[in-house]
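Contents: one structure, followed by commentary.
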Amino acid sequence: MHMAQNAFARCAEKVNTRKNLTLNRQAVGEVVSYCTMIAANDTLDFNRDKQERLCTEMNHRAEVYTVEMSAYGQPKAREKLRERTAPMLDKPFVLPAGQYPRKQREKDALAERRAAGDLVIRFFIEALDSMGYDRAQINSTVEEARKNYEQFLEWAKDGEYVAYTKLGRCVAQMTGGSTEVARVPGAGPIFSTEF
Numbered sequence: 001m002h003m004a005q006n007a008f009a010r011c012a013e014k015v016n017t018r019k020n021l022t023l024n025r026q027a028v029g030e031v032v033s034y035c036t037m038i039a040a041n042d043t044l045d046f047n048r049d050k051q052e053r054l055c056t057e058m059n060h061r062a063e064v065y066t067v068e069m070s071a072y073g074q075p076k077a078r079e080k081l082r083e084r085t086a087p088m089l090d091k092p093f094v095l096p097a098g099q100y101p102r103k104q105r106e107k108d109a110l111a112e113r114r115a116a117g118d119l120v121i122r123f124f125i126e127a128l129d130s131m132g133y134d135r136a137q138i139n140s141t142v143e144e145a146r147k148n149y150e151q152f153l154e155w156a157k158d159g160e161y162v163a164y165t166k167l168g169r170c171v172a173q174m175t176g177g178s179t180e181v182a183r184v185p186g187a188g189p190i191f192s193t194e195f
């Protein structure tokens with residue numbers, strides 16, 4: 001009986017871990033998306049129309065990726081996305097880790113974060129390219145987005161609530177309105193130890 005309970009607990013833990021990794025990926029994707037929007041505003045002096053066009057283009061690129069995933073599978077779709085965007089980058093984009101992972105669970109979470117961040121950045125690169133921006137402009141904006149994400153991680157040291165609130169203020173300042181950056185619901189905090 002005890003063995004069966006342990007086996008059940010292990011299976012439940014795996015399902016929870018998968019669900020948490022998915023929520024982790026979703027949260028990082030949203031935060032990186034906001035970081036890219038702020039970066040485009042700061043480095044390329046975007047107005048409201050350009051912000052809306054950038055959002056539309058990024059969503060379109062995400063849809064293209066989804067169609068390619070359905071047609072070719074995830075590994076091939078990622079490979080095609082990398083092939084399209086790699087020539088536009090001076091150096092590979094690596095999402096900052098924040099705190100260095102020690103346990104395997106933390107390493108898995110970081111890998112998921114980086115995979116999600118990589119996707120968003122590549123959609124961002126394709127969107128900027130389709131809007132007519134050159135390689136130098138794209139690279140400076142991607143670097144600014146990385147710095148924005150590092151700043152978010154720095155804010156998260158004071159708690160996720162603080163980080164999301166400050167990110168929301170930056171977005172509100174950029175859009176000229178009030179914006180609330182919603183936290184992705186999950187089993188616990190994703191970017192820091194408290195919310």
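In the numbering used here, the protein residues as written are 1 to 195. Ideal placement from N, C-alpha and C gives every residue a C-beta, glycine not left out. Fair warning: this is a prediction, and the values are worked out from it, not measured in the lab.
Length of the line joining the Cα atoms of residue i and residue j
{"i": "Glu112", "j": "Leu95", "result": "11 Å"}
{"i": "Tyr133", "j": "Ser140", "result": "11 Å"}
{"i": "Arg135", "j": "Cys55", "result": "19 Å"}
{"i": "Leu128", "j": "Lys107", "result": "31 Å"}
{"i": "Glu126", "j": "Met88", "result": "9 Å"}
{"i": "Ile38", "j": "Arg105", "result": "31 Å"}
{"i": "Ala9", "j": "Arg25", "result": "At Ala9, the pLDDT of 38 sits below 50, so the modelled position is not reliable and the matter cannot be decided from this model."}
{"i": "Asp158", "j": "Ala116", "result": "24 Å"}
{"i": "Ala145", "j": "Tyr164", "result": "16 Å"}
{"i": "Glu154", "j": "Lys103", "result": "21 Å"}
{"i": "Lys91", "j": "Ser130", "result": "20 Å"}
{"i": "Ala27", "j": "Arg169", "result": "18 Å"}
{"i": "Met69", "j": "Arg82", "result": "13 Å"}
Contact test: residue i Cβ vs the ligand GDP heavy atom, cutoff 7 Å
{"i": "Asn41", "result": "As presented, the structure is devoid of all ligands, the ligand GDP included, so that no description of it is given."}
With 16 other Cβ atoms within 10 Å as the buried cut-off, status of residue i
{"i": "Glu160", "result": "buried"}
{"i": "Gly73", "result": "exposed"}
{"i": "Thr175", "result": "exposed"}
{"i": "Asn148", "result": "buried"}
{"i": "Thr85", "result": "buried"}
{"i": "Asp118", "result": "buried"}
{"i": "Ala40", "result": "buried"}
{"i": "Thr66", "result": "exposed"}
Next item on the list: Inspect the CB distances between the region 96 to 105 and the region 26 to 38 and report whether three or more fall short of 8 Å.
Entry: no
Notebook entry, point to check: What residue ranges within the region 125 to 163 form continuous alpha helix (DSSP H) runs of no fewer than 4 residues, ordered along the chain?
Noted result: 135 to 156
Note to self: With three or more C-beta pairs closer than 8 Å as the rule, is the region 57 to 64 touching the region 116 to 126?
What the structure shows: yes
Next item on the list: Identify every run of the alpha helix (DSSP H) within the region 42 to 110, keeping only runs that are complete inside it and at least 4 residues long; order them along the chain.
Entry: 48 to 72 and 74 to 85
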